[in-house]
Amino acid sequence: MTEAAGQSLHSLPDQDAFKMAPVRSAIDASVRPVVVGLFFSGLLWLLIGTLFAAVLAVKLHFPGFLNWSFLTFGRLAPASEAAFVYGWCSTACLGVVVWMVARLSGRAAPGTSLVSFGALLWNGGVFIGVCSLLLGSLRPFNGLEFPLAAFVLMFAGLCAISIWLAVTYRSDGSPGLGLMFVSGGVAWLGWSLFTGNLLIASQSVTGVVQQLTASWLASGVLWLWIVPVVLGIAYFLVPKVTGRPVFSGPMGRALFWMYFLTAGLISASRLSGGPIPLWLASVSASASILLLVPVLGAIYNLFATARGSEVTPSSPSMNFVFFGLAVLGVTSVLLAISALRSVDYAVHFTLFDVGVRTLLLKGSATMVLFGAIYYIMPRLSGCEWLSSSLISLHFLGSAYGSCMGAAMLILSGLASGSALVDGDSTFSQVIELGSSYFWGHTLSFVLLLGGYFLFTMHFLLMAARIGQPAGEATLLQSHNEH
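Here the sequence shown is numbered in our numbering, starting from 475 and rising by one per residue.
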């Protein structure tokens with residue numbers, strides 16, 4: 475499907491739109507149970523991960539809060555991030571990818587038993603992994619703490635979903651940019667989960683190389699799975715909603731290849747200063763800076779596509795998507811800056827990296843996924859979202875909460891890092907200086923939890939087909955979204 479073909483129903487000739495409407499309805503009906511199920515399970519993990527993170531934030535002020543062994547900081551921190559990355563972001567991404575591929579195939583899905591089984595295995599693996607972390611059974615690799623059994627289940631589930639995607643998709647034309655990005659993300663997730671765990675579990679790599687492998691896998695989940703799917707969603711939705719072709723298809727394809735070439739090389743920058751070859755850290759730092767070109771280029775391509783559109787300001791899905799894209803641009807700039815040796819020397823052992831990762835996951839990926847769900851659910855449920863006020867409150871809570879929390883962590887990292895470099899402060903003074911931003915980070919969870927709970931309630935109403943009558947979209951202003 476070419477970019478020109480990825481237009482909204484409104485932009486097609488009336489006769490073609492009339493012919494395609496029943497086909498699209500049949501496609502949506504065929505995948506509705508599994509897509510809604512993936513979204514629902516993802517939202518449960520979103521609430522669980524955010525509640526865990528909120529408890530962690532409170533523990534920074536009151537270490538005795540919920541002083542149970544399975545809720546200690548060392549267990550709760552990896553469980554919170556894993557629930558958010560693998561439970562919410564990855565599960566919601568899979569739901570969007572299943573719906574996208576079904577729509578792009580142009581025919582009703584032949585069956586969803588395989589993808590339903592895969593979704594069950596994936597969520598089962600995440601559940602076992604999170605429970606294992608809370609019980610203290612975790613591996614000593616940042617981002618790869620799940621036990622091997624959890625990753626085996628997740629990989630099996632991903633394989634089942636991938637087989638269904640390959641069997642379902644049929645198209646005579648060249649793939650569009652949206653499909654290219656999500657396909658690349660799915661392929662890389664499977665490859666990284668299999669290769670990384672196989673090398674570590676079989677002890678084919680030891681010592682420093684183990685840490686390099688784990689860092690490569692953890693970085694790949696973020697930058698080679700979640701971010702490509704986010705960009706693929708944007709490349710699919712923006713032409714759909716605005717009714718315009720992508721601003722520059724050739725540029726988008728060139729940036730696609732450049733993105734995957736550079737994003738796969740940035741993982742070693744997290745280990746700079748450790749016992750790794752200096753050239754490897756330098757390559758990763760250079761790749762982090764080069765990554766600015768495909769990321770900012772893709773964002774420009776999408777903003778140029780929607781420039782001057784009357785639909786964009788009033789569309790809930792577009793507000794979330796473009797906010798997430800803007801935050802992605804800021805995140806890539808911060809990643810490039812932190813890769814500089816002078817900056818990395820100051821902030822390496824601070825919360826700066828945690829703040830950047832928070833901005834990527836909560837401010838960018840989560841917002842784009844919300845935008846996708848706002849677009850998809852009316853087509854699956856046959857009714858429109860119940861309240862534009864709930865959508866606005868959800869947007870404000872999620873946007874302000876994510877940016878506020880990430881900003882506090884980044885400022886904490888900069889403050890403590892500058893004190894460390896200065897050398898005149900004692901270690902306790904450095905800790906005190908960095909912790910002065912923790913209250914702002916803690917308060918951000920009030921906004922986040924409020925926004926997430928509102929969206930979950932709104933989603934459940936839509937899943938139960940309780941909403942506005944179909945035909946007139948629920949918008950933030952007075953324009954129509956198609």
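The beta carbon of each residue, even a glycine, is placed where N, CA and C say it ideally should be.
- Task: State the CB to CB distance for the pair Thr832 and Leu883, rounded to an integer number of angstroms; the pair is presumed to be in contact (CB under 8 Å).
- Result: 6 Å
- Query: Touching or not, the region 624-639 and the region 590-599, by the rule of three or more beta carbon pairs under 8 Å?
  - Reply: yes
- Among Leu735, Asp898, Met851, Ala576, nearest to Ala944 - alpha-carbon criterion: Met851
- Message: Using a 10 Å radius around the Cβ and a threshold of 16 neighbouring Cβ atoms, would you call Gly897 buried or exposed?
- Response: exposed
- Counted within 10 angstroms of its Cβ, other Cβ atoms place Asn954 as buried (16 or more) or exposed: Legend: pLDDT at Asn954 = 43, less than 50; position of this residue unreliable, no value from coordinates given.
- Task: With distances taken Cα to Cα, identify the nearest neighbour of Ala566 among His535, Leu814, Leu518, Gly908.
- Result: Relative to Ala566, the option among His535, Leu814, Leu518, Gly908 whose CA is nearest is Leu518.
- Within this structure, are the beta carbons of Leu921 and Gly875 separated by less than 8 Å? yes
- 8 Å Cβ cutoff met for Gly659 and Val703: The Cβ atoms of Gly659 and Val703 lie closer than 8 Å to each other.
- Message: Please report the distance separating the alpha-carbon of Leu705 from that of Ala772.
- Response: 8 Å
- Check whether Ala692 and Asn597 have beta carbons under 8 Å apart: no
- Ala938: buried (16+ other C-beta within 10 angstroms of its C-beta) or exposed? exposed
- With Glu784 and Glu858 assumed to form a contact (beta carbons below 8 Å), what rounded beta-carbon distance in angstroms separates them? In fact, because the Cβ distance is near 19 Å, the residues do not count as touching under 8 Å.
- Determine the contact status of Trp662 and Gly694, defining contact as a CB-CB distance below 8 Å. yes
- Query: What whole-angstrom Cβ distance do Pro768 and Thr736 have, given they're in contact under 8 Å?
  - Reply: 7 Å
- Message: Measuring only the C-alpha atoms, how far is Gly941 from Met878?
- Response: 32 Å
- Query: Glu858 by DSSP, collapsed to three states: which one?
  - Reply: strand
- Task: Assign Gln684 to one of three DSSP states: helix, strand, or coil.
- Result: Helix at Gln684.
- Query: Gln942 by DSSP, collapsed to three states: which one?
  - Reply: strand
- With C-beta atoms as the reference, is Val795 less than 8 Å away from Val720? no
- Is there contact here, the region 553-560 with the region 506-515, by at least three beta-carbon pairs under 8 Å? no
- Task: Let me know if Leu699 comes out buried or exposed under the rule of 16 or more other beta-carbons within 10 Å of its beta-carbon.
- Result: Correcting the residue type first, residue 699 is Trp in the shown sequence and not Leu. Trp699 comes out buried.
- Sorted by chain position, which residues of the same chain lie with C-beta nearer than 6 Å to Ser504's C-beta, five sequence neighbours on each side aside? Ala582, Ala583
- Can you have a look at Glu619 and say buried or exposed, based on whether 16 or more other CB atoms are within 10 angstroms of its CB? buried
- Task: Identify the continuous alpha helix (DSSP H) that holds His932 and give its terminal residues.
- Result: 912-937
- Message: For Val683, count the other beta carbons within 10 Å of its own beta carbon; 16 or more makes it buried, fewer makes it exposed. Which is it?
- Response: exposed
- Query: When the Cα of Ala630 is compared with those of Thr642, Met654, Arg613, Trp665, which residue comes out closest?
  - Reply: Trp665
- Within 10 angstroms of the Cβ of Thr786, are there 16 or more other Cβ atoms? Answer buried if so, exposed if not. Counting every other CB atom within 10 Å of its CB across the protein chains shown gives Thr786 a total of 16 or more, marking it as buried.
- Message: If you reduce the DSSP assignment to three classes, tell me which class Thr642 lands in.
- Response: Three-state DSSP puts Thr642 in a helix.
- By how many angstroms is the C-alpha of Leu608 removed from the C-alpha of Phe547? So the two alpha carbons sit approximately 10 Å from each other.
- Selected residue, minimal CA-CA separation from Leu949, among Leu894, Ser862, Gln903: Ser862
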